[in-house]
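Structure first, then comments.
Protein chains: 2
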Amino acid sequence: MPRAKITEVAREAGVSLSTVSRVMNGNQSVDAALAERVREVAARLGYTANPLARSLVLGRTQTISVVIPDLANPTFQAILRGLSHAAAKDGYHVLISDTEERVEHESEVATTTRQRTDGVILCAPRLPQDELAALLPTIAPAVVINRGPQENAPTVAADYGTAIMALIDHLRGLGHRRLAFVSGAVSSASGEARRRALAAACDADPGLEVIEIPGGVDFDSGAAVASAVIDSAATAVLAFNDLVAMGLLSAVSARGIRVPEQLSIVGFDGIPFAAYTSPPLTTAAVPAADLGRNAWAAMHALLSGADPVATETFIPELVVRESTGPAPR
Amino acid sequence: MPRAKITEVAREAGVSLSTVSRVMNGNQSVDAALAERVREVAARLGYTANPLARSLVLGRTQTISVVIPDLANPTFQAILRGLSHAAAKDGYHVLISDTEERVEHESEVATTTRQRTDGVILCAPRLPQDELAALLPTIAPAVVINRGPQENAPTVAADYGTAIMALIDHLRGLGHRRLAFVSGAVSSASGEARRRALAAACDADPGLEVIEIPGGVDFDSGAAVASAVIDSAATAVLAFNDLVAMGLLSAVSARGIRVPEQLSIVGFDGIPFAAYTSPPLTTAAVPAADLGRNAWAAMHALLSGADPVATETFIPELVVRESTGPAPR
DNA sequence: CTGTTAGCGCCTTCAT
DNA sequence: ATGAAGGCGCTAACAG
Numbered sequence: 347m348p349r350a351k352i353t354e355v356a357r358e359a360g361v362s363l364s365t366v367s368r369v370m371n372g373n374q375s376v377d378a379a380l381a382e383r384v385r386e387v388a389a390r391l392g393y394t395a396n397p398l399a400r401s402l403v404l405g406r407t408q409t410i411s412v413v414i415p416d417l418a419n420p421t422f423q424a425i426l427r428g429l430s431h432a433a434a435k436d437g438y439h440v441l442i443s444d445t446e447e448r449v450e451h452e453s454e455v456a457t458t459t460r461q462r463t464d465g466v467i468l469c470a471p472r473l474p475q476d477e478l479a480a481l482l483p484t485i486a487p488a489v490v491i492n493r494g495p496q497e498n499a500p501t502v503a504a505d506y507g508t509a510i511m512a513l514i515d516h517l518r519g520l521g522h523r524r525l526a527f528v529s530g531a532v533s534s535a536s537g538e539a540r541r542r543a544l545a546a547a548c549d550a551d552p553g554l555e556v557i558e559i560p561g562g563v564d565f566d567s568g569a570a571v572a573s574a575v576i577d578s579a580a581t582a583v584l585a586f587n588d589l590v591a592m593g594l595l596s597a598v599s600a601r602g603i604r605v606p607e608q609l610s611i612v613g614f615d616g617i618p619f620a621a622y623t624s625p626p627l628t629t630a631a632v633p634a635a636d637l638g639r640n641a642w643a644a645m646h647a648l649l650s651g652a653d654p655v656a657t658e659t660f661i662p663e664l665v666v667r668e669s670t671g672p673a674p675r
Numbered sequence: 347m348p349r350a351k352i353t354e355v356a357r358e359a360g361v362s363l364s365t366v367s368r369v370m371n372g373n374q375s376v377d378a379a380l381a382e383r384v385r386e387v388a389a390r391l392g393y394t395a396n397p398l399a400r401s402l403v404l405g406r407t408q409t410i411s412v413v414i415p416d417l418a419n420p421t422f423q424a425i426l427r428g429l430s431h432a433a434a435k436d437g438y439h440v441l442i443s444d445t446e447e448r449v450e451h452e453s454e455v456a457t458t459t460r461q462r463t464d465g466v467i468l469c470a471p472r473l474p475q476d477e478l479a480a481l482l483p484t485i486a487p488a489v490v491i492n493r494g495p496q497e498n499a500p501t502v503a504a505d506y507g508t509a510i511m512a513l514i515d516h517l518r519g520l521g522h523r524r525l526a527f528v529s530g531a532v533s534s535a536s537g538e539a540r541r542r543a544l545a546a547a548c549d550a551d552p553g554l555e556v557i558e559i560p561g562g563v564d565f566d567s568g569a570a571v572a573s574a575v576i577d578s579a580a581t582a583v584l585a586f587n588d589l590v591a592m593g594l595l596s597a598v599s600a601r602g603i604r605v606p607e608q609l610s611i612v613g614f615d616g617i618p619f620a621a622y623t624s625p626p627l628t629t630a631a632v633p634a635a636d637l638g639r640n641a642w643a644a645m646h647a648l649l650s651g652a653d654p655v656a657t658e659t660f661i662p663e664l665v666v667r668e669s670t671g672p673a674p675r
């Protein structure tokens, strides 16, 4: 019960505030014996410096703000986890904000939370680039996750384009030529990256065809596009993420379609559960925890005045499981 | 960019600090015209009161601390999500701490984070009751999740006992008499509740047999006990949670055991993914987001001086899916 | 080496 | 209705 204030410790130990403060902060310039006495009194009183007061005078809170769009999404959860563990290891606290996919609030949340923290790590896939660019300088130091390189903040991101390529190559290798792409309903940074990669793949291989089917980002939206996918006559489908893939897999299976014999499905993200569907999902595993860990490392560097890398990129790993197989016929 | 301090606003508006403060806090005792002018200047300068300074003088931070044992666990994630959404709605921030299942740190984390927040919501299933009891008064106000009623803090919990009963009744109804229980390796509050319910069921029905198999709390530990489960000759198994159930389901399936024809499996928690395994998992759905929401409500009441309910209990819902079926033979 | 004196930025009596 | 002054609890010059 850190009820005790520095004043009481000082009085009890018969010294001045400054001395107590020095001792508590490990300032060597205090007589050893005196320091020991102070420490003892402090211990006896259960004294700990009030972090708020320290923050006010020191100008730092030992806390960072993390804003993410959706705590229900396993990928963001993993990012948060890696981040929070890493920050904790360095003695930092994490203030978490879930914007619940309401893009209009992201800037404000970032700004507001920034005031009570030392910096913000921003995961805002759908925030328009110009807004983001305008926001960043006002909340520095900031680190951005899963967006292209930024003017005013280091960036930690997965390379969605390359991962999509790997997925496509995998499918092409299996003989698939007509692909469906269930895109996230909303235009996100990573969605764009996916789309670009798809387009590039089509350009490179005229025999390849990709039908884009608008969808969402969760189970339900995956299930919802089942008909559209089937109607598309595609032999393989790239889902926006594993959640969508799982919803889709479940829905098409329910309609008697066999995966992968009649339809191959690939997910994206590599959430742990993707290994437990039936059949297990082929996917591109985004090292989300690493993203989080590295986002913290970048922030830590910023906070420590070290010069951080401006852009860090992770290549998702292609994980081939049983939801993909040779193209039918 | 809330760079502006109250002093600048005051100077710019030609008034005193106090006036600005009053205006910003909606204190009516300020001349309307003057107030308007101040507001305008404040807006122009992008002024916002420094939350840290306010916290220091006001003695409240508008932030609560949430400590949970494992951010990788979907149930805790859901709790956090419900909690954070509810708190945000009331204008509160959330400082999140993941103790990574290191029970020895839970007290300290709670104490430390309490100092920078207005209260702590504690999810510490394995913290010994006496330690918890000793801790609570020192971190008040506190709210405890998923533990028995506490002396010094309101409690929000799922009724594990009743849920286990429902699961057992379901299995008994299917003719199962020899059950395996894959217990979490560690003794947690909810683990005890499960065990008690199991024991009670055995007492009530001498024909019922329950073999306890020590396990963990995640996929891998579920897979790890596959042999033990098979060797136990049980016709149905209650997994500690859905994760364990999934790992187990996957492992026994790989050994050619058909679920539920040869072995019924039930999980616990009702994580979203449990619906997507093959076969989909019968489970007891803990309303985790509700737990979180209500934990916040309890904290909010505490913070507002309202008298909160001391103990709130949620009954998990039995969700019957295809992983359970009639006992073989 | 230790104590005294200023603030950090804001809110709040207390006067006026 | 407004301003001046004190203090929230602590750290950091600045003096001794």
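Residue numbers (my numbering), protein chains in the order written: chain R, 347 to 675; chain Y, 347 to 675.
Where is the CB? At the ideal position from N, CA and C, for every residue including glycine.
Quick caveat: nothing in here was measured; it's all calculated off a predicted structure.
Of the candidates Ala-424(R), Ala-434(R), Lys-351(R), Val-412(R), Val-412(R) places its Cα closest to the Cα of Glu-452(R). Put simply, the CB of Phe-586(Y) is far from chain R, with every gap to its CB atoms at 7 Å or more.
Its Cα nearest to that of Ile-514(Y), the residue Thr-670(Y) stands out among Pro-397(Y), Ala-418(Y), Thr-670(Y), Arg-604(Y).
In this structure Leu-664(R) is not in contact with Thr-623(R), their Cβ atoms being roughly 17 Å apart against a cut-off of 8 Å.
About 12 Å separates the CB atoms of Ala-580(R) and Ile-603(R); that is not less than 8 Å, and the two are not in contact.
DSSP, reduced to helix, strand and coil, places Ala-673(Y) outside both helices and strands of the structure shown, so it counts as coil. In this structure, Gly-613(Y) sits near Ala-591(Y), with a CB-CB distance shorter than 7 Å.
Here His-522(R) carries a coil assignment [DSSP, helix/strand/coil]. When the Cα atoms are used, Ala-600(Y) and Val-528(Y) turn out to be separated by approximately 19 Å. Within the same chain, and ignoring the five residues on either side of Glu-358(Y) in sequence, the residues whose Cβ sits closer than 7 Å to its Cβ are Val-387, Leu-391.
Leu-648(R) carries a helical assignment under DSSP once its states are collapsed to helix, strand and coil. Under the DSSP definition of a beta bridge, Gly-593(R) lacks any partner. Annotated three-state conformation of Leu-584(Y) is strand, per DSSP. Scanning chain R for C-beta atoms nearer than 7 Å to the C-beta of Glu-446(Y) yields His-431, reported in chain order. Per DSSP, Pro-397(R) is one residue of the alpha helix (DSSP H) stretching across 397-404. Using a Cβ-Cβ cut-off of 7 Å, Ala-350(Y) does not count as an interface residue toward chain R, since no Cβ of chain R sits closer than that to its own. None of the residues of the region 640-652 of chain R has a beta carbon lying less than 9 Å from any beta carbon of chain Y.
At the C-beta level, Arg-472(Y) and Ser-567(Y) stay beyond 7 Å of one another.
For Ser-578(R), same chain residues with a beta-carbon under 6 Å away, outside a window of 5 residues either side, are Ala-526, Ile-557 in chain order.
At a Cβ-Cβ threshold of 7 Å, Gly-519(Y) and Gly-530(Y) do not count as neighbours.
For Ile-442(Y), at least one C-beta of chain R is nearer than 7 Å to its own C-beta.
Taking a Cβ-Cβ threshold of 8 Å, none of the residues of chain Y is close to Ala-570(R); the smallest such distance is about 15 Å.
Here the alpha carbon of Arg-675(R) sits roughly 50 Å from the alpha carbon of Ala-644(R). Think of a sphere of 9 Å around the beta carbon of Phe-660(Y): no beta carbon from chain R falls inside it, the nearest being about 19 Å out.
For Arg-427(Y), the C-beta contacts it makes with chain R under 8 Å involve Leu-417, Ala-418, Asp-444, in order along the chain. Put simply, of Leu-417(Y), Ile-352(Y), Ile-414(Y) the residue whose alpha carbon is nearest the alpha carbon of Arg-385(Y) is Ile-352(Y).
By the Cβ criterion, the region 398-408 of chain Y is in contact with the region 397-405 of chain R, since at least three pairs of Cβ atoms, one from each stretch, lie closer than 8 Å. Close to chain R, meaning a Cβ-Cβ distance shorter than 8 Å, are the following residues of the region 382-410 of chain Y: Thr-394, Asn-396, Pro-397, Leu-398, Ala-399, Ser-401, Leu-402, Thr-407, Thr-409.
In the DSSP assignment, Ala-570(Y) falls within the alpha helix (DSSP H) that extends over 565-570.
Chain R has a Cβ within less than 7 Å of the Cβ of Ser-624(Y). The region 475-487 of chain Y makes no contact with the region 413-420 of chain R, as fewer than three CB pairs between them are under 8 Å.
At a cut-off of 7 Å between beta-carbon atoms, His-439(Y) makes contact with chain R. Boundaries of the beta strand (DSSP E) harbouring Glu-663(R): 663-665, taken from the DSSP string. At a beta-carbon threshold of 8 Å, the residues of chain Y lying near Phe-619(R) are Met-592, Phe-619, Tyr-622, ordered along the chain. Separation of Asp-564(R) and Val-583(R) (C-alpha to C-alpha, rounded to the nearest whole angstrom) is 16 Å. Within its own chain, the residues whose Cβ lies closer than 6 Å to the Cβ of Leu-648(Y), once the five positions on either side in sequence are excluded, are Pro-487, Pro-654, listed in chain order.
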